[in-house]
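**Q** Handing you this structure, nothing more for now.
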């Protein structure tokens, strides 16, 4: 993807409508709406005819191909906005509009039974601020910085609900996962090509491997893939129509605001 060529970045934003065109019939001034990654679609291509509007041939992306929401004012397309309860906290709701609902819906569609072992590779956007802070040291030592990074990752992962932590630089990831019984589901969230390919061996029989991050080509061992009936899948960001239909966002907003 080429660098953004917009004046205003940002997706995952929430605001109150202050102006609408005369043609608008879905929303009115005073309504609260949110904008996600999906910014617009043409309703004419094959993807749109299948209801996967976020994969439209002529899609627009908030903050990438059209101005986003990081500002005092923003514009939002009527087909891409989602109604947000007026009493919901915008800071709480905004992350649900992209990362949260995408991960949640992708996991739900994989059909993994409760109680199975699930492995999550990566810890989202933690790596960027961590790297920036480590490089502020006057004489950063690469080995020491790596150790600090691994410690912080573990310290952040466990309070989020993780029951185990595997250091990918100091452990045999696949062997550690197999000691836990093998993972029924592995989720890839960080573009580390040195790690991703080796994760496949950590899956249990009929395990599923879900990639959320767009990265350079990665090799998988088909000797593992075929005999064990493993699946490697990708999942794109959801669109506002999916969120409305499933009522995922609304239910979670109401629960968080209660």
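Numbering (the UniProt record's numbering), first residue to last: 1 to 258. All residues carry an ideal CB built from backbone N, CA and C; glycine is no exception. Just so it is clear, the structure is predicted and the values come from calculations on it, not from any experiment.
Using the beta-carbon count (16 or more within 10 Å), is residue 64 buried or exposed?
**A** Counted from its first residue, the chain shown places residue 64 at position 64. The residue in question, residue 64, is buried, as its Cβ has 16 or more Cβ neighbours within 10 Å.
**Q** Mind the definition here: the segment 76-89 touches the segment 35-45 only if three or more C-beta pairs lie below 8 Å; say whether that holds.
**A** Short answer: they touch.
**Q** Taking Cβ positions only, does residue 28 come closer than 8 Å to chain B?
**A** In summary, chain B is missing from the structure at hand, where a single protein chain is found.
**Q** Rounded to a whole number of angstroms, what is the C-alpha to C-alpha distance between residue 54 and residue 234?
**A** Mapped onto the chain shown, residue 54 falls at position 54. Mapped onto the chain shown, residue 234 falls at position 234. One C-alpha to the other measures close to 14 Å.
**Q** With a CB to CB cut of under 6 Å and the five nearest residues on each side skipped, what residues in its chain are close to residue 57?
**A** Taking the chain shown and counting its residues from 1, the one referred to as residue 57 is at position 57. Counting only Cβ-Cβ distances below 6 Å, and skipping sequence neighbours, we find 45.
**Q** Have a look at residue 159 and residue 229 and give me their C-alpha separation to the nearest angstrom.
**A** The sequence position of residue 159 within the chain shown is 159, counting from 1. The sequence position of residue 229 within the chain shown is 229, counting from 1. Near 33 Å, if we compare the C-alpha coordinates of residue 229 and residue 159.
**Q** So, using beta-carbon positions, are residue 202 and residue 174 closer together than 8 Å?
**A** As a first step, residue 202 must be located in the chain shown, where it is residue number 202. As a first step, residue 174 must be located in the chain shown, where it is residue number 174. Yes, Cβ-Cβ distance for residue 202 and residue 174 is below 8 Å.
**Q** Give me, in chain order, the residues of the same chain whose beta-carbon lies closer than 7 Å to that of residue 9; leave out the 5 immediate sequence neighbours on both sides.
**A** Taking the first residue of the chain shown as position 1, residue 9 is located at position 9. Contacts found: 63, 68, 70.
**Q** Since residue 32 and residue 16 should fall inside the 8 Å C-beta cutoff, what is the C-beta to C-beta distance between them, to a whole number of angstroms?
**A** Translated into the one-based positions of the chain shown, residue 32 becomes position 32. Translated into the one-based positions of the chain shown, residue 16 becomes position 16. That belief holds up - the Cβ atoms of residue 32 and residue 16 are roughly 5 Å apart, short of 8 Å.
**Q** Do residue 213 and residue 259 count as a contact pair if the criterion is CB distance below 8 Å?
**A** Because residue 259 is not part of the residues shown, which for the chain are 1 to 258, the question remains open.
**Q** Is the separation between the beta-carbon of residue 216 and that of residue 193 shorter than 8 Å?
**A** For the purposes of this step, residue 216 is identified with residue 216 of the chain shown, where counting begins at 1. For the purposes of this step, residue 193 is identified with residue 193 of the chain shown, where counting begins at 1. Yes, the pair counts as a contact, with Cβ atoms nearer than the cut-off.
**Q** Over the uninterrupted alpha helix (DSSP H) stretch that includes residue 108, give me the two end residues.
**A** Locating residue 108 in the chain shown gives position 108, where the first residue counts as 1. 99-110 is the span of the alpha helix (DSSP H), which, as asked, contains residue 108.
**Q** To the nearest angstrom, how far is it from the Cα of residue 103 to the Cα of residue 206?
**A** Along the chain shown, read from residue 1 onward, the residue named residue 103 stands at position 103. Along the chain shown, read from residue 1 onward, the residue named residue 206 stands at position 206. Roughly 21 Å between the two C-alpha positions.
**Q** In whole angstroms, give me the CA-to-CA distance for residue 12 and residue 90.
**A** One-based indexing of the chain shown puts residue 12 at position 12. One-based indexing of the chain shown puts residue 90 at position 90. Cα-Cα distance, rounded: 10 Å.
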